[in-house]
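Worksheet: one structure, shown below.
Residue numbers (full-length UniProt numbering): 1 to 343.
See below:
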């Protein structure tokens with residue numbers, strides 16, 4: 001029995017050695033030796049040594065027979081194993097090769113860093129730098145222009161400008177106080193009706209004065225303007241009117257003609273026409289408003305009165321505690337404008 005077993009094992013080893021020769025000339029791999037040991041493992045599984053001989057023979061024969069139809073598949077497997085395993089020429093194969101499916105996925109922090117990484121192109125970066133430079137240049141230019149305007153004024157002009165701003169602020173504070181008082185009266189039950197009537201009367205008077213419909217009196221200035229070597233043009237007088245409006249004049253008249261928002265000056269021969277009425281030199285102005293503010297505004301270098309003097313004319317002012325504007329103007333009916341409904 002043992003001799004038959006030895007013969008079967010020798011036969012299996014010879015067939016295992018001849019197995020690579022049937023694989024189309026494939027070079028035998030070192031791992032081919034493990035194939036011959038498989039029958040020995042199968043032999044140890046059998047509990048009875050007497051019945052192992054035919055079983056082992058069948059296993060060996062089945063293995064040898066299976067080697068014939070699978071020559072091509074075995075060659076492909078051997079090629080794949082040879083590609084995966086290091087060649088004998090490699091001195092030290094890697095102990096822990098990377099998996100075939102790709103690199104290790106990035107962690108959460110790496111993904112956040114990639115998302116926060118700037119992705120702007122060079123053109124976008126250049127555009128941003130140009131916009132930044134343009135904004136800086138505009139800011140510098142505005143600051144320089146404002147500084148140049150103030151630096152060109154003399155000390156007395158700066159003091160005068162500061163006084164005007166201070167007085168205007170005081171006027172606004174007084175107006176705020178009056179409006180708050182009116183608001184408190186309107187909120188109270190007892191004085192609501194009376195406050196409403198007083199407010200309506202006050203607004204009617206203000207509108208009548210500003211429109212020229214009512215006579216007015218109050219503090220102001222008297223202005224005397226006369227021709228010099230040549231008649232003054234209408235444009236010079238109109239500039240004086242604009243300066244007075246900017247200085248806060250509330251009611252004005254010239255040679256008995258009331259000045260309103262629609263007033264105009266036109267040259268006519270050797271004289272001037274004001275709102276369709278001819279007026280001649282000297283031009284006597286009566287103006288109601290803050291006397292100090294009006295006087296300083298008219299005397300600013302390059303203003304209305306210095307220009308009249310440059311034209312060869314005469315211009316003087318006098319501050320009055322009380323002046324009266326007697327001329328009135330009946331406002332015409334608007335042709336196109338209509339009151340809008342209050343929302």
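Don't be surprised by glycine CBs; every beta carbon is placed ideally from N, CA and C.
#1: Do residue 293 and residue 228 have their beta-carbon atoms positioned less than 7 Å apart in this structure?
#2: Quick one: what does DSSP say residue 274 is sitting in, helix, strand or coil?
#3: Between residue 284 and residue 236, which are expected to be in contact by the criterion C-beta below 8 Å, what is the C-beta distance as a whole number of angstroms?
#4: Just how far apart, CA to CA, sit residue 330 and residue 257?
#5: For residue 187, which three-state DSSP category applies?
#6: CA-CA distance, residue 276 and residue 128?
#7: Run through the region 168-239 for me and flag every whole alpha helix (DSSP H) of 4 or more residues, listed as ranges in chain order.
#8: Flag this pair as yes or no: are the beta carbons of residue 226 and residue 266 separated by less than 7 Å?
#9: Leaving aside the five residues before and after residue 261 along the sequence, list all residues of the same chain whose C-beta is less than 7 Å from its C-beta, in chain order.
#10: For residue 345 and residue 246, what's the separation of their Cα atoms in angstroms?
#11: Quick check on DSSP: helix, strand or coil for residue 163?
#12: Does the separation of the CB atoms of residue 218 and residue 288 fall below 7 Å?
#13: Contact between the region 159-174 and the region 290-307: three or more CB pairs below 8 Å?
#14: Is residue 212 buried or exposed, if buried means 16 or more other CB atoms sit within 10 Å of its CB?
#15: How many angstroms separate the CA atom of residue 358 from the CA atom of residue 134?
#16: Going by the beta-carbon positions, is the gap between residue 325 and residue 251 smaller than 7 Å?
#17: Please determine, among 109, 153, 216, 131, the residue with the shortest C-alpha to C-alpha distance to residue 323.
#18: Would you list the one or two residues that DSSP bridges to residue 267?
#19: Ignore the nearest five residues each way along the sequence and tell me which others in residue 308's own chain have a CB closer than 8 Å to its CB.
Well, looking at it:
#1: As a working note, residue 228 is residue 228 in the chain shown. As a working note, residue 293 is residue 293 in the chain shown. With contacts defined as CB atoms closer than 7 Å, residue 228 and residue 293 fail to qualify as a contacting pair.
#2: For this step, residue 274 is matched to residue 274 along the chain shown. Strand at residue 274.
#3: For the purposes of this step, residue 284 is taken as residue 284 along the chain shown, with counting starting at 1. For the purposes of this step, residue 236 is taken as residue 236 along the chain shown, with counting starting at 1. Rounded to the nearest angstrom, the Cβ distance from residue 284 to residue 236 is 16 Å, too far for a contact under 8 Å.
#4: Counted from its first residue, the chain shown places residue 330 at position 330. Counted from its first residue, the chain shown places residue 257 at position 257. When rounded, the distance between both Cα atoms is 12 Å.
#5: Your numbering for residue 187 matches position 187 in the chain shown. In the structure shown, residue 187 adopts helical secondary structure according to DSSP, grouped into three states.
#6: Looking up residue 276 in the chain shown gives position 276. Looking up residue 128 in the chain shown gives position 128. Taking the straight line joining both Cα atoms gives about 59 Å.
#7: Counting whole runs of 4 or more residues, the region 168-239 contains the alpha helix (DSSP H) stretches 192-211.
#8: Here residue 226 refers to the residue found at position 226 when the chain shown is read from its first residue. Here residue 266 refers to the residue found at position 266 when the chain shown is read from its first residue. Result no, Cβ atoms of residue 226 and residue 266 do not sit closer than 7 Å.
#9: Translated into positions along the chain shown, residue 261 becomes position 261. Correct list: empty, nothing qualifies.
#10: Outside the displayed range of the chain (1 to 343) lies residue 345, so it cannot be described from this structure.
#11: Locating residue 163 in the chain shown gives position 163, counting from the first residue. Helix, per DSSP.
#12: Position 218 of the chain shown holds residue 218. Position 288 of the chain shown holds residue 288. Yes, these two residues count as a Cβ contact at 7 Å.
#13: Segments in contact, yes.
#14: On the chain shown, residue 212 is found 212 positions in, with the first residue counted as 1. By the 10 Å Cβ count, residue 212 comes out buried.
#15: Outside the displayed range of the chain (1 to 343) lies residue 358, so it cannot be described from this structure.
#16: Along the chain shown, one-based indexing puts residue 325 at 325. Along the chain shown, one-based indexing puts residue 251 at 251. Yes, these two residues count as a Cβ contact at 7 Å.
#17: Translated into positions along the chain shown, residue 323 becomes position 323. If we check each option's Cα against that of residue 323, 216 comes out closest.
#18: Along the chain shown, read from residue 1 onward, the residue named residue 267 stands at position 267. Residue 267 pairs with 272.
#19: Taking the first residue of the chain shown as position 1, residue 308 is located at position 308. Only 225, 232, 236, 240, 314, 315 meet the Cβ criterion.
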